[in-house]
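Student:
Chains as they are written, first to last, in this note's numbering: chain A, 232 to 655; chain B, 103 to 772.
1) DSSP state of residue 483 (chain A), grouped into three classes?
2) Is there contact between the region 210–229 of chain B and the region 292–308 of chain B, where contact requires at least three CB pairs shorter than 8 angstroms?
3) Of all the alpha helix (DSSP H) runs that stay within the bounds of the region 445–531 of chain B, which reach a length of 4 or more residues?
4) Taking only beta-carbon atoms, is residue 380 (chain B) less than 7 angstroms away from chain A?
5) Would you tell me roughly how many angstroms separate the C-alpha atoms of residue 134 (chain B) and residue 707 (chain B), rounded to the nearest one?
6) Determine the extent of the alpha helix (DSSP H) in which residue 550 (chain B) is found, giving its start and end residues.
7) Rounded to whole angstroms, what is the Cα-Cα separation between residue 505 (chain A) and residue 650 (chain A)?
8) Roughly how many angstroms separate the alpha carbons of residue 525 (chain A) and residue 407 (chain A), rounded to a whole number?
9) Starting from residue 265 (chain B), find everything on chain C with Cβ-Cβ shorter than 8 angstroms and list it in chain order.
10) Taking only the alpha-carbon atoms, compute the straight-line gap between residue 268 (chain B) and residue 360 (chain B) and give it to the nearest angstrom.
11) How should residue 580 (chain B) be labelled, buried or exposed, when 16 other C-beta atoms within 10 angstroms of its C-beta is the threshold for buried?
12) Taking the alpha helix (DSSP H) that residue 198 (chain B) falls in, what are its first and last residues?
13) Candidates A:454, A:563, A:541 and A:474: which alpha carbon is nearest residue 374 (chain A)'s?
14) With 16 as the cutoff for other CB atoms within 10 Å, does residue 732 (chain B) come out buried or exposed?
15) Can a CB atom of chain B be found closer than 7 angstroms to the CB of residue 524 (chain A)?
16) Got a sec: which bits of the region 427–442 of chain B sit with their beta carbon under 7 angstroms from any beta carbon on chain A, in order along the chain?
17) With a threshold of 7 angstroms on Cβ separation, who are the neighbours of residue 422 (chain A) within its own chain once the five nearest residues in sequence on each side are excluded?
18) Unbroken beta strand (DSSP E) runs of length 3 or more, entirely within the region 597–675 of chain B: which are they?
19) Give me the chain A residues within the contact set of residue 675 (chain B), using Cβ-Cβ distance strictly less than 7 angstroms, ordered along the chain.
20) Could you confirm whether any beta carbon from chain A is found closer than 7 angstroms to the beta carbon of residue 773 (chain B)?
21) Check this for me: beta carbons of residue 540 (chain B) and residue 618 (chain B), under 7 angstroms apart or not?
22) Which residues in the same chain as residue 601 (chain A) place their Cβ atom closer than 8 angstroms to its Cβ, once the five residues preceding and following it in sequence are excluded?
23) What did DSSP end up calling residue 442 (chain A) once you bin it into helix, strand or coil?
24) Identify each residue in the region 569–580 of chain B for which the Cβ-Cβ distance to at least one residue of chain A is less than 9 angstroms, and report them in chain order.
25) Given residue 150 (chain B), which residues of its chain have a CB within under 6 angstroms of its CB, disregarding the five upstream and five downstream residues?
26) Tell whether a beta-carbon distance below 7 angstroms holds between residue 302 (chain B) and residue 229 (chain B).
27) Taking only beta-carbon positions, decide if residue 158 (chain B) is within less than 7 angstroms of chain A.
28) Is DSSP giving residue 286 (chain A) helix, strand or coil here?
29) Between residue 463 (chain B) and chain A, is the shortest Cβ-Cβ distance under 7 angstroms, so that the two count as touching?
30) Output, in sequence order along the chain, the residues in the region 530–562 of chain A whose CB is closer than 8 angstroms to any CB in chain B.
31) In the DSSP assignment, find the unbroken beta strand (DSSP E) run with residue 465 (chain A) in it and report its ends.
32) If you run the structure through DSSP and keep just helix, strand and coil, what is residue 492 (chain A)?
33) Mind checking residue 821 (chain B): buried by the 16 CB within 10 Å criterion, or exposed?
34) If we call anything under 7 angstroms between Cβ atoms a contact, is residue 569 (chain B) one with residue 280 (chain A)?
35) Specify the secondary structure class of residue 432 (chain A) as computed by DSSP and reduced to three states.
36) Could you tell me the boundaries of the beta strand (DSSP E) in which residue 384 (chain A) lies?
This is the structure in structure tokens:
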């Protein structure tokens, strides 16, 4: 692929225009073209826009970027030429009392030329486009697989415990998480994207373009991160009431950090010490939350394991698995941070070298974003729009879409927060 | 004075039974006589009156859709906006798009087509005048029906693209989407009947000598659009029926649990939806292709290429629909094919831009408001077209689709392009339709405020999109806004401010209309205020009911210009040889006789009225539906039994010395 193909065609185009417009100062033309190009280039360097589509952080996004940069440049140059031509015509041929012009109906040579030039430019764009499309669709060298499932209004990540996942990354039991997708650095990860209800779209701009998650279909999407860090994304297919609150993040960790993360995710559940506030919180969790939210290893007093049954209460049939909630630093479809703002900045602004350790530290009590979490536990549908009014669920046989208000007391919330902090 | 006469029904032929005058024999079904009261507008079949009614109704919906847009922008002016709830916001953007596409741009183009196509081809009316009226009433009642959902539990909330399965009752339990589906079915009838009507009119009713390649370019573009409608509307009709059956009768066309593939809806929608884009833009291309030559005093550069590239867009436009679906999970082969076909369609579109610029090149340009809007279209559409090319590059599109970059793109195309073209048409043809020229000073305020507002609103959206702000988001959050020059906060604020300036610009248009028609200072416009080139200017302002006293013989493209100007054989200078008044007087010196105009009819409005009744019945009460259906059958019967002509007193008296009408021709049966 040679992005310069298109540009060369454009230079010719420019020169021809320059020749036909005898008096145009060519320098001005170039200055304007350069300004336009410069502005476009600037748009690509903005700082700190987490979903900026011009700052690739992995080979897939880079491939797209390599394609779009020259295309934008060519489009900008063509645009400038058209504007100059219009401007010149408006300036030069305005009515200054000249006679009625000759009634020419066209000049075939000129028309053909001005049709062929865009054809050539477009051929120059088409060839690298086609080859990039096929490159990006490659899946045969996949190193890791994650099943990504969208539902109103959060994403579930499920790491299957077989194949490369088990052999190379030690994932010997399925890991089910939500909100943040964690992947190892420089690894070709294949996301198998699907949905449990309506169509959503998985998009981490710095890692790749978007791919719709469609119920009944599994779509392949390859991502790969070249540097440890957090990469923000958002659901981009309109998916109903809380579409704006369906966000996601992908976390890239160095290989040793990723191994540590896997080991922690596979670690078994430790119940809170008896008599603590957290132990009280566990029983609140069991009575109020566990019917939808799975915590692996959570058991009743008689020792029987608790298996959540979200399919009885929720249209999509799923609710986020909270086993290691405090290893993620977001909740509610990545709409809010579990970290308070200063701790969040420490993680987000960390250098690639520091990042792993800070991320793996998880959420500790001093760092917890108490405000948003408590508001959420107090009345979730007030914080994030959801279909959770029990009086308006005729169409769904009483099932919710989203989390209902649980009517917890402040004491229960205190206990619950203490318990959730234990879920590391 | 031309004579509009009634057909004589009682020419006695020896031995034959006496011919019964239908208007007398079928008393209850009499056709209404002409009156000057407002009631005449309810029963009119005159293409000009219907054109004006299309225009007024469409402009009303433009204001409705515009207010929805302003609310959307106010909501997004700052982070975590509180103006609209998520539910209201979703209804707002769904109805904004639906209103602007189906209830403003399409019918406004229909307004111009209705009014000017018969005039431009030298016809007295359209081929099927009653069907024409029926189409208008379907559009109006469909649009009102659709908007009543606001007051009946909430409007549709699935986006104008209404992707399944989010559009099923499970995910959208209010009746909003039912109203949306049925309302669009009713307006679809308007588009479909209108398209057949205009195709037949253009192909069969041109003045003598007007070959296809002598047709004004606006008429050409209208013809292409009608073919697009003829084939696109049935597709959306089918899709809407499937959705209707799914929602109302529990069918499972898009039910994944029953084995359906939700992509079926996307394919059906965009096979309609992409030609729809050209349905929206081509009429405006036609309008500016009329205006630029007039204000450049030159013929349209490369007329055959502009006409044929319009037709080419009409064909290729059917092969690009899946570029709306690059991220929806098609395989790489389909993506590549649609990516390349999308690039291909840029060529005939680019050709038009080149031809407009070349028309101005070497001309004698004057910059009255119509020309300003036309140039505005050329420049802004170019921006929209080029951003379109950037997302024909499918991998690049997977970054841009469903972000504000796309919102920027299609608003440059549809607002900067289609709507600017329509405004150019308002200013250009206003004196033709209403005898008064809109005020130029107010017109320039109108233009410049719209240019500034439009670019301030939609220009920053390029940045917002490339910075990763998705579409259809009720709120945006500070946490994802960034901090640099391109931060979302600043540019969202600018876009919202721009939308207010844009609204102010449109307010200036309304002020201009009111001023022009209320102020005593505004004089009657000259017969040919712009020194125009085409046939619609070869009659009085506004045209008489039968359009032309005598149908012109057409020898040239730009016939009117050629009647006014001649080239000096020696000096090659072009000189005016006749004024517009002289051309008109020359034509009217020999008025046609035996002109038959279609009579008014009660039935179009009544048949159309039955449709929303059926639809309310379908949503609320099956008995009401039966009542509506019975009403529909009765009114269709009335339509069928209606006599061909109005009572005797609705005609000009026979001209002296002509001995009264002797022809046996009947008026068009429409």
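Ideal Cβ positions, reconstructed from N, Cα and C, are used throughout, including at glycine. Since the model is a prediction, treat every value here as computed from it, not as a measurement.
Tutor: Looking at the atomic coordinates:
1) In the first chain, counting from the first residue as 1, residue 483 (chain A) sits at position 252. DSSP, reduced to helix, strand and coil, places residue 483 (chain A) within a strand of the structure shown.
2) Three or more beta-carbon pairs separated by less than 8 angstroms link the region 210–229 of chain B to the region 292–308 of chain B, which places the two stretches in contact.
3) Whole alpha helix (DSSP H) segments, 4+ residues: 471–494, 496–502 and 506–515.
4) Position 278 of the second chain holds residue 380 (chain B). No, its Cβ sits nowhere closer than 7 angstroms to a Cβ of chain A.
5) Working through the second chain from its first residue, we reach residue 134 (chain B) at position 32. Working through the second chain from its first residue, we reach residue 707 (chain B) at position 605. Going by the C-alpha atoms only, they are around 13 angstroms apart.
6) Looking up residue 550 (chain B) in the second chain gives position 448. Element bounds for residue 550 (chain B): 542–568.
7) Taking the first chain and counting its residues from 1, one reaches residue 505 (chain A) at position 274. Taking the first chain and counting its residues from 1, one reaches residue 650 (chain A) at position 419. Near 12 angstroms, if we compare the C-alpha coordinates of residue 650 (chain A) and residue 505 (chain A).
8) Taking the first residue of the first chain as position 1, residue 525 (chain A) is located at position 294. Taking the first residue of the first chain as position 1, residue 407 (chain A) is located at position 176. Approximately 10 angstroms, taken between the alpha carbons.
9) The question asks about chain C, but that chain is absent: this structure's protein chains are A and B.
10) On the second chain, residue 268 (chain B) is found 166 positions in, with the first residue counted as 1. On the second chain, residue 360 (chain B) is found 258 positions in, with the first residue counted as 1. So the two alpha carbons sit approximately 16 angstroms from each other.
11) Against the second chain, residue 580 (chain B) aligns to sequence position 478. Residue burial annotation: residue 580 (chain B) is exposed, with fewer than 16 other C-beta atoms found within 10 angstroms of its C-beta.
12) Counted from its first residue, the second chain places residue 198 (chain B) at position 96. If you look at residue 198 (chain B), you'll find it in the alpha helix (DSSP H) that goes 188–200.
13) Here the question's residue 374 (chain A) lines up with position 143 in the first chain. If we check each option's Cα against that of residue 374 (chain A), A:454 comes out closest.
14) Taking the first residue of the second chain as position 1, residue 732 (chain B) is located at position 630. Counting the other Cβ atoms within 10 Å of the Cβ of residue 732 (chain B) gives fewer than 16, which makes it exposed.
15) Numbered from 1 along the first chain, position 293 holds the residue referred to as residue 524 (chain A). Not a single C-beta of chain B is nearer than 7 angstroms to the C-beta of residue 524 (chain A).
16) Residues 429, 430, 431, 434, 437, 438, 441 and 442.
17) Here residue 422 (chain A) is taken as the residue at index 191 of the first chain, counted from 1. Excluding sequence neighbours, residue 422 (chain A) sits near 377, 379, 433, 452 and 454.
18) Every beta strand (DSSP E) stretch that sits fully inside the region 597–675 of chain B and reaches 3 residues is listed by chain position as 667–669.
19) The residue labelled residue 675 (chain B) in the question sits at position 573 within the second chain. Within chain A, the residues near residue 675 (chain B) are 330.
20) Shown here, chain B extends from 103 to 772; a query on residue 773 (chain B) therefore has no answer.
21) Here the question's residue 540 (chain B) lines up with position 438 in the second chain. Here the question's residue 618 (chain B) lines up with position 516 in the second chain. The answer is yes: Cβ separation under 7 angstroms.
22) The residue labelled residue 601 (chain A) in the question sits at position 370 within the first chain. Only 571 and 648 meet the Cβ criterion.
23) On the first chain, position 211 is the one that residue 442 (chain A) refers to. Of the three classes helix, strand and coil, the one that applies to residue 442 (chain A) here is strand, per DSSP.
24) Taking a C-beta cut-off of 9 angstroms against chain A, the contacting residues of the region 569–580 of chain B are 569, 570, 571, 572, 573, 574, 575, 576, 577, 578 and 579, listed in chain order.
25) Residue numbering aside, residue 150 (chain B) sits at position 48 when the second chain is read from its first letter. The answer, listed in chain order, is 217.
26) Here residue 302 (chain B) corresponds to residue number 200 of the second chain, with the count starting at 1. Here residue 229 (chain B) corresponds to residue number 127 of the second chain, with the count starting at 1. In contact: residue 302 (chain B) and residue 229 (chain B) (Cβ atoms closer than 7 angstroms).
27) Along the second chain, one-based indexing puts residue 158 (chain B) at 56. No Cβ of chain A is located within less than 7 angstroms of the beta carbon of residue 158 (chain B).
28) Here residue 286 (chain A) corresponds to residue number 55 of the first chain, with the count starting at 1. The answer is coil: DSSP assigns residue 286 (chain A) none of H, G, I, E or B.
29) Position 361 of the second chain, counting from 1, holds the residue named residue 463 (chain B). Interface residue (Cβ-Cβ distance to chain A less than 7 angstroms): residue 463 (chain B) is classified as such.
30) The residues in question are 546.
31) As a first step, residue 465 (chain A) must be located in the first chain, where it is residue number 234. Counting along the chain, the beta strand (DSSP E) containing residue 465 (chain A) begins and ends at 460–465.
32) For the purposes of this step, residue 492 (chain A) is taken as the residue at position 261 of the first chain. The answer is helix: DSSP assigns residue 492 (chain A) an H, G or I state.
33) Coverage of chain B is limited to positions 103 through 772, which leaves residue 821 (chain B) absent and any answer about it impossible.
34) Locating residue 569 (chain B) in the second chain gives position 467, counting from the first residue. Locating residue 280 (chain A) in the first chain gives position 49, counting from the first residue. With respect to residue 280 (chain A), residue 569 (chain B) sits close: the two C-beta atoms are nearer than 7 angstroms.
35) As a first step, residue 432 (chain A) is located in the first chain; it is residue number 201 there, counting from the start. Secondary structure of residue 432 (chain A) (DSSP, three-state): strand.
36) For the purposes of this step, residue 384 (chain A) is taken as residue 153 along the first chain, with counting starting at 1. Where residue 384 (chain A) is concerned, there is no enclosing beta strand (DSSP E), because DSSP gives it neither an H nor an E.
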